[in-house]
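**Student:** As given, the protein sequences belong to chains A and X, one line each in that order. Each residue of the first sequence is one higher than the one before, counting from 135 in my numbering. Each residue of the second sequence is one higher than the one before, counting from 516 in my numbering. Glycine residues also receive a C-beta, built at the ideal position from the N, C-alpha and C atoms. If you're wondering where the values come from, they're calculated on a predicted model, not measured in any experiment. A single structure is presented below for examination.
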Amino acid sequence: MELVTPGIGLMFWMLVSFSIVLYILKKFAWKPILQSIHDREDSIEAALRSADKARDDMARIQADNEKILNQSRIESEKILRESKELGDKYIADARKLANVESTKMIEEAKRVIESEKVAAINQVRNEIAELSISIAEKLLKSELTDMSRQSKIIQNSLDNFRLN
Amino acid sequence: MRGKGFIHLAIILLGLFLSVQTFAQHENESKFNAGSFIIDHIGDAHEWHIVTIGETHISVPLPIIVYSKFSGLSFFSSGRLAHGESYNNFVLEHSGENKGKVVENIEGSKMTELISKFDTTEFSELLTNLNDQEFVAAKRDTLIQQFVNKDFASIEAYLSDKQFYYVPLDFSITKNVVALWVSLIILLVVFLTVAKSYKERQGSAPKGLQSFMEPIILFVRDDIARPSIGEEKYHKYMPYLLTVFFFIFINNLMGLIPIPPFGANLTGNIAVTMVLALFTFVITTVSGNNHYWTHIINTPGVPWWLKIPVPLMPIVEISGVFIKPFVLMVRLFANITAGHIIVLGFFSLIFIFGDMSPAAGFGASILSVAFVIFMTMLELLVAFIQAFVFTLLSALYFGLATEEPHHH
Numbered sequence: 135m136e137l138v139t140p141g142i143g144l145m146f147w148m149l150v151s152f153s154i155v156l157y158i159l160k161k162f163a164w165k166p167i168l169q170s171i172h173d174r175e176d177s178i179e180a181a182l183r184s185a186d187k188a189r190d191d192m193a194r195i196q197a198d199n200e201k202i203l204n205q206s207r208i209e210s211e212k213i214l215r216e217s218k219e220l221g222d223k224y225i226a227d228a229r230k231l232a233n234v235e236s237t238k239m240i241e242e243a244k245r246v247i248e249s250e251k252v253a254a255i256n257q258v259r260n261e262i263a264e265l266s267i268s269i270a271e272k273l274l275k276s277e278l279t280d281m282s283r284q285s286k287i288i289q290n291s292l293d294n295f296r297l298n
Numbered sequence: 516m517r518g519k520g521f522i523h524l525a526i527i528l529l530g531l532f533l534s535v536q537t538f539a540q541h542e543n544e545s546k547f548n549a550g551s552f553i554i555d556h557i558g559d560a561h562e563w564h565i566v567t568i569g570e571t572h573i574s575v576p577l578p579i580i581v582y583s584k585f586s587g588l589s590f591f592s593s594g595r596l597a598h599g600e601s602y603n604n605f606v607l608e609h610s611g612e613n614k615g616k617v618v619e620n621i622e623g624s625k626m627t628e629l630i631s632k633f634d635t636t637e638f639s640e641l642l643t644n645l646n647d648q649e650f651v652a653a654k655r656d657t658l659i660q661q662f663v664n665k666d667f668a669s670i671e672a673y674l675s676d677k678q679f680y681y682v683p684l685d686f687s688i689t690k691n692v693v694a695l696w697v698s699l700i701i702l703l704v705v706f707l708t709v710a711k712s713y714k715e716r717q718g719s720a721p722k723g724l725q726s727f728m729e730p731i732i733l734f735v736r737d738d739i740a741r742p743s744i745g746e747e748k749y750h751k752y753m754p755y756l757l758t759v760f761f762f763i764f765i766n767n768l769m770g771l772i773p774i775p776p777f778g779a780n781l782t783g784n785i786a787v788t789m790v791l792a793l794f795t796f797v798i799t800t801v802s803g804n805n806h807y808w809t810h811i812i813n814t815p816g817v818p819w820w821l822k823i824p825v826p827l828m829p830i831v832e833i834s835g836v837f838i839k840p841f842v843l844m845v846r847l848f849a850n851i852t853a854g855h856i857i858v859l860g861f862f863s864l865i866f867i868f869g870d871m872s873p874a875a876g877f878g879a880s881i882l883s884v885a886f887v888i889f890m891t892m893l894e895l896l897v898a899f900i901q902a903f904v905f906t907l908l909s910a911l912y913f914g915l916a917t918e919e920p921h922h923h
């Protein structure tokens, strides 16, 4: 029976001592402890979050880099291609121009040659004509003394001309 | 492995040592009484018995503080009451219904001065406190008749040479109070140190004692308070829950160490568990919100005829308010006391067999110590579980008291 009868003295001391210790621990132990744990948890969470963010940023930057790199590669290829095309075009143009020019020159040359030839032929013809005239003069002078011979020469000359 | 072996050896030696001293203690008494042996060990005491060597009891006397309505407040060492001695009419009873209590013996002449102010009930109560109970048995009716007739002179004639005993209010610093203070000092030292290292090592990882305590603190917070009370309100109750958890845990553990200043059965004392339960009850009642009280007085979801005309549900619910802390009190008290009783029971076996023959005592001691080791391991587990259960249930009651109504 004594076991289940609470003693007033122990109850009193328990009530007083426990209350005091509860108050002291609450004020000087539990408050700072729980606050520190809470703060630390907050800072760890913040650190984790910022690490996550940094990782995301990193990934994004890497993706950006990749993109820029790709873009620049495409760009450089394009520039290369364009320049090559341009070069080809220049060469082609130059070639065409040269062709045209050379053709023109050849044409010119041909025309000059033709005209020279015509001139030369004309000259030759004139000279031949003059020669012929002088020959004819001479012949005429010599031949005209003999009528039959005269006509024979004229005939011969004319035959020769026809051959030319 | 070596350390473990050493501990086992130490426990066996301790068992043997205890057996030797208790033999000595009970040699001059008739037989070993297991019942009183156990009750003496789990109960409170006015002195702290350390060891008995041969016939010499070595114990630390503790202060006795008693308040008597006859002699007022008295304060003296329990050493003055040792060996049945009396001091200022106070004695320590060693048998009878007041066994272990400080009792004041009052002269009949002093008592009779007051009798004229008493009523009949008070007078008959007074008679039960007369030391000479044979006299009371014979003369009770006569004395009461004389009292009713206001024949105080005859009563004085009968009682002036007798003695009354009176049990004063006892606020002594008993063994349990000392154990209580020791445990509270340990709590203060440990947690103020831990709090200091938290302040010094702000934001960094815990170290030393701090890292030993932090998981337990987090356990109380995350596995007891948070799920039971809820995220918004648990902060308010954390200091009490932590204090009560560590108080019960440390005292359960201290109760298992059989060396002073440990080994008092503090959490197995109903006064202590009653105060703890009272704290939980007061906090629950004070924090009870509208929703909580509505639930008790007008329980929703219950047929009306359970409330009107006979308020059956309100009665059940209001009983529940008191039964909850009562159960907390009894559970802790019974679990810890039962553990101690079992351990002491195994030790008693040694002496019971030892009374038959010393050889049987030695034989039983091997078996008993083995069982005591097993029980102590179990009690280590119980020490934690009971601290956990008390804290968890307190938290659940706070959670019920502060619960907000659900919007369905």
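Report whether the distance from the Cβ of Phe-760(X) to the nearest heavy atom of the ligand ZN is below 8 angstroms.
**Tutor:** Inclusion of the ligand ZN in the displayed structure is not the case, the ligand content being empty and no account of it being possible.
**Student:** Any idea if Ser-282(A) is buried or exposed, counting beta-carbon neighbours within 10 angstroms, 16 or more meaning buried?
**Tutor:** As a working note, residue 282(A) is residue 148 in the first sequence. Ser-282(A) comes out exposed.
**Student:** Within its chain, find whatever has a CB closer than 7 angstroms to the CB of Glu-622(X); leave out the 5 residues flanking it on each side and keep chain order.
**Tutor:** What you label residue 622(X) is simply residue 107 of the second sequence in a count that begins at 1. Hits under 7 angstroms: Gln-678.
**Student:** Suppose contacts are defined by Cβ-Cβ distances below 9 angstroms. Is His-561(X) in contact with Ser-593(X) by that definition?
**Tutor:** Residue 561(X) sits at position 46 when you count from the first residue of the second sequence. Residue 593(X) sits at position 78 when you count from the first residue of the second sequence. Yes.
**Student:** I'd like the span of the beta strand (DSSP E) that includes Gly-933(X), first residue to last.
**Tutor:** The question about residue 933(X) has no answer here: the residues shown for chain X are numbered 516 through 923.
**Student:** Leaving out five residues before and five after Val-897(X) in sequence, what residues of the same chain have Cβ atoms less than 8 angstroms from its Cβ?
**Tutor:** Residue 897(X) sits at position 382 when you count from the first residue of the second sequence. Hits under 8 angstroms: Asn-767, Asn-850, Ile-851, Gly-854.
**Student:** Going by the CB atoms, is the gap between Ser-586(X) and Asn-603(X) shorter than 9 angstroms?
**Tutor:** Counted from its first residue, the second sequence places residue 603(X) at position 88. Counted from its first residue, the second sequence places residue 586(X) at position 71. Yes, these two residues count as a Cβ contact at 9 angstroms.
**Student:** With a cut-off of 9 angstroms, does the C-beta of Ser-308(A) fall near any C-beta of chain X?
**Tutor:** This structure leaves residue 308(A) out entirely; chain A is present only between 135 and 298.
**Student:** Could you tell me which of Gly-569(X), Ser-610(X), Ala-597(X) sits nearest to Asp-555(X), measuring between CA atoms?
**Tutor:** Within the second sequence, the letter at position 40 stands for residue 555(X). Among Gly-569(X), Ser-610(X), Ala-597(X), the Cα nearest to that of Asp-555(X) belongs to Ser-610(X).
**Student:** What are the start and end residues of the beta strand (DSSP E) that includes Leu-607(X)?
**Tutor:** Taking the second sequence and counting its residues from 1, one reaches residue 607(X) at position 92. Start and end: 605–607.
**Student:** Rounded to whole angstroms, what's the CA-CA distance from Ser-601(X) to Met-626(X)? Just pull it up for me.
**Tutor:** For the purposes of this step, residue 601(X) is taken as the residue at position 86 of the second sequence. For the purposes of this step, residue 626(X) is taken as the residue at position 111 of the second sequence. Those two C-alpha atoms are separated by around 19 angstroms.
**Student:** Listed from N- to C-terminal order along the chain, which residues in the segment 736–764 of chain X have their beta-carbon within a distance smaller than 9 angstroms of any beta-carbon of chain A?
**Tutor:** Hits within the stretch, in order: Arg-736, His-750, Met-753, Pro-754, Tyr-755, Leu-757, Thr-758, Val-759, Phe-761, Phe-762.
**Student:** Select from Thr-567(X), Ser-909(X), Glu-570(X) the residue whose C-alpha is nearest the C-alpha of Arg-479(X).
**Tutor:** Residue 479(X) cannot be examined here, being either before or after the span of chain X that is shown, 516 to 923.
**Student:** Looking at the secondary structure, which residues open and close the beta strand (DSSP E) in which Ile-580(X) lies?
**Tutor:** Here residue 580(X) is taken as the residue at index 65 of the second sequence, counted from 1. Run containing Ile-580(X): 578–583, per the beta strand (DSSP E) assignment.
**Student:** Between which two residues does the beta strand (DSSP E) containing Tyr-681(X) stretch?
**Tutor:** For the purposes of this step, residue 681(X) is taken as the residue at position 166 of the second sequence. Run containing Tyr-681(X): 678–681, per the beta strand (DSSP E) assignment.
**Student:** Is there a Cβ of chain A sitting closer than 9 angstroms to that of Tyr-713(X), yes or no?
**Tutor:** Here residue 713(X) refers to the residue found at position 198 of the second sequence. With 9 angstroms as the cut-off, Tyr-713(X) counts as an interface residue toward chain A.
**Student:** Look at the alpha carbon of Ala-180(A) and the alpha carbon of Asp-186(A), and state the distance between them as a whole number of angstroms.
**Tutor:** In the first sequence, the residue the question calls residue 180(A) occupies position 46. In the first sequence, the residue the question calls residue 186(A) occupies position 52. Approximately 10 angstroms between the Cα atoms of the pair.
**Student:** Run the CB neighbour count on Asp-685(X), radius 10 Å, all protein chains shown included, and call it buried at 16 or more, exposed below.
**Tutor:** Working through the second sequence from its first residue, we reach residue 685(X) at position 170. Classification of Asp-685(X): buried, given that the 10 Å Cβ count is 16 or more.
**Student:** Can you tell me whether Asn-613(X) is helix, strand or coil according to DSSP?
**Tutor:** Position 98 of the second sequence, counted from the first residue, corresponds to residue 613(X). Correct three-state label for Asn-613(X): coil.
**Student:** Using C-beta distances below 6 angstroms, list every residue in its chain close to Leu-827(X), excluding the 5 sequence neighbours before and after it, in chain order.
**Tutor:** The residue given as residue 827(X) occupies position 312 in the second sequence. Taken in chain order, the residues that qualify are Leu-821.
**Student:** Candidates Glu-608(X), Thr-758(X), Asn-646(X): which alpha carbon is nearest Ile-700(X)'s?
**Tutor:** Counting from 1 along the second sequence, the entry for residue 700(X) is found at position 185. Ranking the options by Cα distance to Ile-700(X), first place goes to Thr-758(X).
**Student:** Sort Lys-616(X), Gly-550(X), Thr-917(X) by Cα distance to Ile-579(X) and report the nearest one.
**Tutor:** For the purposes of this step, residue 579(X) is identified with residue 64 of the second sequence, where counting begins at 1. Measuring from the Cα of Ile-579(X), the nearest candidate turns out to be Lys-616(X).
**Student:** So, for Glu-919(X): in the same chain, excluding its five sequence neighbours on each side, which residues have a beta-carbon less than 8 angstroms away from its beta-carbon?
**Tutor:** The count along the second sequence starts at 1 and reaches residue 919(X) at position 404. Excluding positions up to five away in sequence, the list reads Asn-804, His-806.
**Student:** Indicate whether at least one CB of chain X lies closer than 9 angstroms to the CB of Lys-160(A).
**Tutor:** The count along the first sequence starts at 1 and reaches residue 160(A) at position 26. Interface residue, yes.
**Student:** Determine the DSSP secondary structure at Ile-574(X), reduced to helix, strand or coil.
**Tutor:** Locating residue 574(X) in the second sequence gives position 59, counting from the first residue. Residue identity differs from the one stated: residue 574(X) is Ser in this sequence, not Ile. In the structure shown, Ser-574(X) sits in a strand (DSSP, three-state: E or B).
**Student:** Out of curiosity, what's the CA-to-CA distance linking Ala-902(X) and Glu-894(X)?
**Tutor:** Counting from 1 along the second sequence, the entry for residue 902(X) is found at position 387. Counting from 1 along the second sequence, the entry for residue 894(X) is found at position 379. Those two C-alpha atoms are separated by around 12 angstroms.
**Student:** For Phe-590(X) versus Pro-683(X), is the C-beta distance shorter than 9 angstroms?
**Tutor:** Here the question's residue 590(X) lines up with position 75 in the second sequence. Here the question's residue 683(X) lines up with position 168 in the second sequence. Not in contact: Phe-590(X) and Pro-683(X) (Cβ atoms no closer than 9 angstroms).
**Student:** Spell out whether any CB of chain A is found under 9 angstroms from the CB atom of Trp-696(X).
**Tutor:** Here the question's residue 696(X) lines up with position 181 in the second sequence. Yes, Trp-696(X) lies at the interface with chain A (some Cβ there is under 9 angstroms from its Cβ).
**Student:** Using CA atoms only, rank isn't needed, just tell me which of Lys-748(X), Lys-839(X), Phe-761(X) is closest to Ala-792(X).
**Tutor:** The residue labelled residue 792(X) in the question sits at position 277 within the second sequence. Nearest option by C-alpha distance: Lys-839(X).
**Student:** Glu-117(A) CB to nearest chain X CB: under 9 angstroms?
**Tutor:** The structure shown has nothing for residue 117(A), since chain A only spans 135 to 298.
**Student:** Would DSSP call Ile-774(X) helix, strand or coil?
**Tutor:** Along the second sequence, read from residue 1 onward, the residue named residue 774(X) stands at position 259. Coil at Ile-774(X), not helix or strand.
**Student:** Can you look up Val-884(X) in the DSSP assignment and give me helix, strand or coil?
**Tutor:** Here the question's residue 884(X) lines up with position 369 in the second sequence. Helix at Val-884(X).
**Student:** Beta carbons nearer than 7 angstroms to chain X: which residues of the segment 189–201 of chain A have them?
**Tutor:** Going along the segment 189–201 of chain A in chain order, one finds no residue with a Cβ nearer than 7 angstroms to chain X.
**Student:** So with CB distances below 9 angstroms, who are the chain A contacts of Thr-809(X)?
**Tutor:** For this step, residue 809(X) is matched to residue 294 along the second sequence. Result: empty, since nearest Cβ-Cβ is about 30 angstroms, beyond 9 angstroms.
**Student:** Please report how far the alpha carbon of Thr-643(X) lies from the alpha carbon of Arg-655(X), in whole angstroms.
**Tutor:** The sequence position of residue 643(X) within the second sequence is 128, counting from 1. The sequence position of residue 655(X) within the second sequence is 140, counting from 1. Their backbone Cα atoms lie some 9 angstroms apart in a straight line.
**Student:** Listed in chain order, which residues of the segment 197–227 of chain A have Cβ atoms closer than 8 angstroms to some Cβ of chain X?
**Tutor:** Answer in chain order: no residues at all.
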